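Residue numbers (my numbering): 34 to 261. Just so it is clear, CB atoms sit at the ideal spot from N, CA and C, and this is done for glycine as well. Since the structure is predicted, the reported quantities are computational estimates derived from the model, not experimental observations.
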């Protein structure tokens, strides 16, 4: 899973029908300007990018992510790693320092926080407590505390510090903007309550379910067959 996708998410399957008006929509852009739409309903989140095939589903309660391919009619479970990174991040000298009021972003007031890891400046987060008043967004933020990650102790200080920051979101606010030395990495551009999701929050019963390992093995066999 790419860092961009992880942030859109950080910033991960029930039976809600897609036509229901019960979801909260969060639209965000990454540093390249690419738009990601995320609908949250209960313990489920649905991600997709306009104009692109397929979508992703995240089980917030269990920390599972699924890449859904509607063309091949299959769903791949994506391994998010293990839960040890938060322990490692907790051992790190990571801090989120409150730098005062930030700008209003997508209609929500924010506070600006400087993130440091082992004394190294790692970037800034603009967090909004008011955004957490949406029950679905609060669920998403709460799920971050127990979300598995693929970080480990060998990662750079700032990578671990980012995982530490995620555990503070339920307390400090939802991330409306993330800035690194390279510029804006992620920014929320719109939040809409009672939004209509474009599809289901569940995997269709007739879709094949596979793991990432199975997908890689199949691709390897196909390459080997082409080489014969």
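Three-state secondary structure (DSSP) of residue i
{"i": "residue 235", "result": "coil"}
{"i": "residue 247", "result": "helix"}
{"i": "residue 17", "result": "Residue 17 lies beyond the residue range present for the chain, which begins at 34 and ends at 261; the question has no answer from this structure."}
{"i": "residue 189", "result": "coil"}
{"i": "residue 226", "result": "strand"}
{"i": "residue 62", "result": "strand"}
{"i": "residue 178", "result": "coil"}
{"i": "residue 139", "result": "coil"}
{"i": "residue 55", "result": "coil"}
{"i": "residue 252", "result": "helix"}
Spatial distance of residue i from residue j (CA atoms)
{"i": "residue 73", "j": "residue 170", "result": "7 Å"}
{"i": "residue 229", "j": "residue 55", "result": "7 Å"}
{"i": "residue 216", "j": "residue 148", "result": "14 Å"}
{"i": "residue 224", "j": "residue 255", "result": "43 Å"}
{"i": "residue 138", "j": "residue 252", "result": "43 Å"}
{"i": "residue 227", "j": "residue 80", "result": "16 Å"}
{"i": "residue 250", "j": "residue 257", "result": "11 Å"}
{"i": "residue 194", "j": "residue 150", "result": "5 Å"}
{"i": "residue 132", "j": "residue 236", "result": "43 Å"}
{"i": "residue 207", "j": "residue 234", "result": "22 Å"}
{"i": "residue 134", "j": "residue 174", "result": "21 Å"}
{"i": "residue 60", "j": "residue 104", "result": "24 Å"}
{"i": "residue 67", "j": "residue 89", "result": "16 Å"}
{"i": "residue 161", "j": "residue 143", "result": "4 Å"}
{"i": "residue 140", "j": "residue 164", "result": "10 Å"}
{"i": "residue 190", "j": "residue 242", "result": "36 Å"}
{"i": "residue 63", "j": "residue 126", "result": "28 Å"}
{"i": "residue 221", "j": "residue 259", "result": "44 Å"}
{"i": "residue 246", "j": "residue 92", "result": "20 Å"}
{"i": "residue 78", "j": "residue 71", "result": "7 Å"}
{"i": "residue 146", "j": "residue 136", "result": "12 Å"}
{"i": "residue 172", "j": "residue 58", "result": "13 Å"}
{"i": "residue 87", "j": "residue 99", "result": "11 Å"}
Own chain residues within Cβ distance below 8 Å of residue i, not counting five before or after
{"i": "residue 240", "result": "101, 106, 107, 108"}
Close beta carbons around residue i, own chain, < 6 Å, minus the five adjacent residues each side
{"i": "residue 231", "result": "none"}
{"i": "residue 213", "result": "156"}
{"i": "residue 14", "result": "Lying before the first or after the last residue shown, residue 14 is absent from the chain, which here runs from 34 to 261."}
{"i": "residue 82", "result": "69"}
{"i": "residue 204", "result": "none"}
Range covered by the beta strand (DSSP E) that runs through residue i
{"i": "residue 32", "result": "The requested residue 32 is not part of the displayed model; the chain covers only 34 to 261."}
{"i": "residue 213", "result": "207-213"}
{"i": "residue 146", "result": "144-150"}
heavy atom of the ligand GDP below 7 Å from residue i C-beta
{"i": "residue 80", "result": "Looking at this structure, you won't find the ligand GDP or any other ligand, since it has none at all."}
Same chain, Cβ closer than 7 Å to residue i, five either side skipped, listed in chain order
{"i": "residue 153", "result": "190, 191"}
{"i": "residue 198", "result": "129, 148, 158"}
Could you tell me which uninterrupted alpha helix (DSSP H) segments, each at least 4 residues in length, are contained entirely in the region 65-136, listed from first to last along the chain? Listed in chain order, the complete alpha helix (DSSP H) runs (minimum 4 residues) inside the region 65-136 are 118-124.
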